[in-house]
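Top line first, the protein sequences correspond to chains A, B, C and D.
Under the working numbering, think of the first position of the first sequence as 1, with each following residue one higher.
Under the working numbering, think of the first position of the second sequence as 1, with each following residue one higher.
Under the working numbering, think of the first position of the third sequence as 1, with each following residue one higher.
Under the working numbering, think of the first position of the fourth sequence as 1, with each following residue one higher.
All C-beta atoms in this analysis are idealised placements derived from N, C-alpha and C, irrespective of residue type, glycine included.
Protein chains: 4
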Amino acid sequence: MEPDPPAPQDATDPVAGLARALERFAAERDWQQFHSPKNLASALIVEAAELLEHFQWLTEAQSGRLEPAQRAAVSEEIADVLLYLVRLADVLGIDPLAAARDKLAKNALRYPVERSRGHSRKYDAL
Amino acid sequence: MEPDPPAPQDATDPVAGLARALERFAAERDWQQFHSPKNLASALIVEAAELLEHFQWLTEAQSGRLEPAQRAAVSEEIADVLLYLVRLADVLGIDPLAAARDKLAKNALRYPVERSRGHSRKYDAL
Amino acid sequence: MEPDPPAPQDATDPVAGLARALERFAAERDWQQFHSPKNLASALIVEAAELLEHFQWLTEAQSGRLEPAQRAAVSEEIADVLLYLVRLADVLGIDPLAAARDKLAKNALRYPVERSRGHSRKYDAL
Amino acid sequence: MEPDPPAPQDATDPVAGLARALERFAAERDWQQFHSPKNLASALIVEAAELLEHFQWLTEAQSGRLEPAQRAAVSEEIADVLLYLVRLADVLGIDPLAAARDKLAKNALRYPVERSRGHSRKYDAL
């Protein structure tokens, strides 16, 4: 089960390159059987929780000035979330960067600068 | 509070380009005050849950063949997770793509092909 | 598929009473087919995220003085988490109150008063 | 900072008894300072993720027949979720059992037996 060679766009889209590397990683280990969208979405939230765990007892201010060891651990959790997100999007045939750009454009309409200034989304949305 | 002009690497790193766009988005709305790492990690897991919610009552097989409307909704949730992830990483000064590549290299050592074939990570890790 | 009549201990264990009501609720709607532990654990975390969402942009101090409408919404999310937790435990044949008491006793040994005073778990655990 | 003596209802409400034990546990360690609703809601979802992690790579059928060691680990995670849920509700002055009973009554109206039979909530809600 040899994965396809890297697609031509990989050179300019590093996220697509990561998706191909993850596909190869799963194929080599015969792990595609575990990679249903349902399972990958579960694995993603579990990693998001491991990320949040680093901050749960910190004040907001403390969360902005991590010690090097904790920053390195946080960096690994960010990596884990991104890996599962890219893998999930790839299994579903979704381009996550294009989806993010579309959503940001949508949010710009949803939260006009003048009406949103200084209010958190939550309050704005209520 | 004008954001910095795009850094030179943006042309070849679309994730860094997204980080700059998100920084500008927050600055224009005076939302940086809400964007502590602690808060962003919470917002990220909330979006990860909205993503998982689409799959929670589906079988694994059903989760792989979504109807167009549900696929579009899932795509938006993937976008939301990526937006918060990129923003969180940026606030912490972490390059998420580099972190993901490092972690994938680490995982390749941790789960050697021969010993990992056909076993889920979970069982392998036990 | 008529559920069993309430067990005698229900009178003194309100959590067991809730488990019986939930079993009946699922049976009447033929929803037991969806209530695998895997699915219920997903539904539980989705509700936990809806709970967290109320607090994500608040300061810690603000989170302790909710307006009546927000407090009522939070109360409903707490209810949803408890309902799925009781249902999941019941499907697995686990008594959640007994498990909680056992864990609290274990935590008392793990975090001795003198050594734990004033430190968050996280730091203590490191 | 001596906690109040157990309230009279503890004898018949084991959840209130647990809330009092948790309050004492926190007071003895001077941990109330960390127990803002915001922080407790984060800790709760982190425990919900540790619970989900046990099931993420299992099939639904496998999730219903755990080995004794895994069942014991799951039981501890259920305990952790319940402990944080009871503590969070107590800090907010919410009775979680009463809230759960109210919500179940509301759900019975929202999902009438005849219209809901055999459909998952998700589809029903759409």
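Starting from residue i, find everything on chain C with Cβ-Cβ shorter than 8 Å and list it in chain order.
i, result
"Phe-34/B", "Trp-57"
"Arg-71/D", "Leu-92 and Ile-94"
How would you list, in chain order, the residues of chain B whose beta-carbon sits under 8 Å from the beta-carbon of residue i?
i, result
"Ile-45/C", "Ala-49 and Leu-52"
Let me know if residue i comes out buried or exposed under the rule of 16 or more other beta-carbons within 10 Å of its beta-carbon.
i, result
"Pro-37/B", "buried"
"Val-113/D", "exposed"
"Leu-52/B", "buried"
"Ala-105/A", "exposed"
"Ala-69/D", "exposed"
"Leu-109/A", "exposed"
"Arg-29/C", "buried"
"Ala-132/D", "Here chain D has residues from 1 to 126 only, and residue 132/D is not among them."
"Ala-61/C", "exposed"
"Ala-21/C", "buried"
"Pro-5/A", "Any answer about Pro-5/A is weak, because its pLDDT of 48 lies below 50 and its placement is not dependable; what the coordinates show is given next. Exposed, since its Cβ has fewer than 16 Cβ neighbours within 10 Å."
My understanding is that residue i touches residue j, with C-beta atoms under 8 Å, so please give their C-beta distance in whole angstroms.
i, j, result
"Ala-41/D", "Phe-25/C", "In fact, because the Cβ distance is near 26 Å, the residues do not count as touching under 8 Å."
"Ala-100/D", "Leu-82/C", "5 Å"
"Asp-102/D", "Ala-79/C", "7 Å"
"Pro-14/B", "Asp-13/A", "7 Å"
"Arg-87/D", "His-35/D", "7 Å"
"Ala-49/A", "Ala-49/D", "3 Å"
"Leu-66/B", "Val-74/B", "6 Å"
"Leu-97/C", "Leu-18/D", "7 Å"
"Glu-47/A", "Glu-23/A", "19 Å between Cβ atoms; not a contact."
"Asn-39/C", "Trp-57/B", "6 Å"
Is residue i helix, strand or coil by DSSP?
i, result
"Asp-102/D", "helix"
"Leu-66/C", "coil"
"Gln-33/A", "helix"
"Arg-117/B", "coil"
"Tyr-84/B", "helix"
"Asp-95/B", "coil"
"Phe-55/C", "coil"
"Ala-41/C", "helix"
"Asp-90/D", "helix"
"Pro-112/D", "coil"
In chain B, which residues lie with their C-beta within 9 Å of the C-beta of residue i?
i, result
"Pro-96/A", "Ser-75, Ile-78, Ala-79, Val-81 and Leu-82"
So that I know if they touch, is there some Cβ in chain G lying closer than 8 Å to that of residue i?
i, result
"Leu-109/C", "The structure shown contains no chain G; the protein chains it does contain are A, B, C and D."
What does residue i touch in chain C if you count any residue whose Cβ is under 7 Å from its own?
i, result
"Ser-120/A", "Trp-57"
"Glu-60/D", "Ser-36, Lys-38 and Asn-39"
"Glu-42/A", "Before going further, note that residue 42/A is Ser rather than Glu in the sequence given. Result: Ser-42."
"Asp-90/D", "Result: empty, since nearest Cβ-Cβ is about 11 Å, beyond 7 Å."
"Arg-117/D", "Arg-29 and Asp-30"
Can you pull the chain D residues whose beta carbon is under 9 Å from the beta carbon of residue i, in chain order?
i, result
"Asp-102/C", "Ser-75, Glu-76 and Ala-79"
Can you pull the chain A residues whose beta carbon is under 7 Å from the beta carbon of residue i, in chain order?
i, result
"Val-28/B", "A small fix is needed here, since residue 28/B is Glu in this sequence, not Val. Residues of chain A passing the Cβ test: Val-113."
I want to verify the contact list: residues of chain D whose CB lies under 7 Å from the CB of residue i, in sequence order.
i, result
"Ala-21/C", "Leu-104"
"Arg-87/C", "Near Arg-87/C there are no residues of chain D at all, since even the closest Cβ is about 10 Å away, more than 7 Å."
Give the residues of chain C in contact with residue i, contact being defined as C-beta atoms less than 9 Å apart.
i, result
"Pro-14/D", "Thr-12, Asp-13, Pro-14, Val-15, Leu-97 and Arg-101"
Under the criterion of a Cβ to heavy atom distance below 7 Å, does residue i qualify as lining the ligand MG?
i, result
"Gln-33/C", "Ligands are entirely absent from the displayed structure, and the ligand MG is therefore not among its contents."
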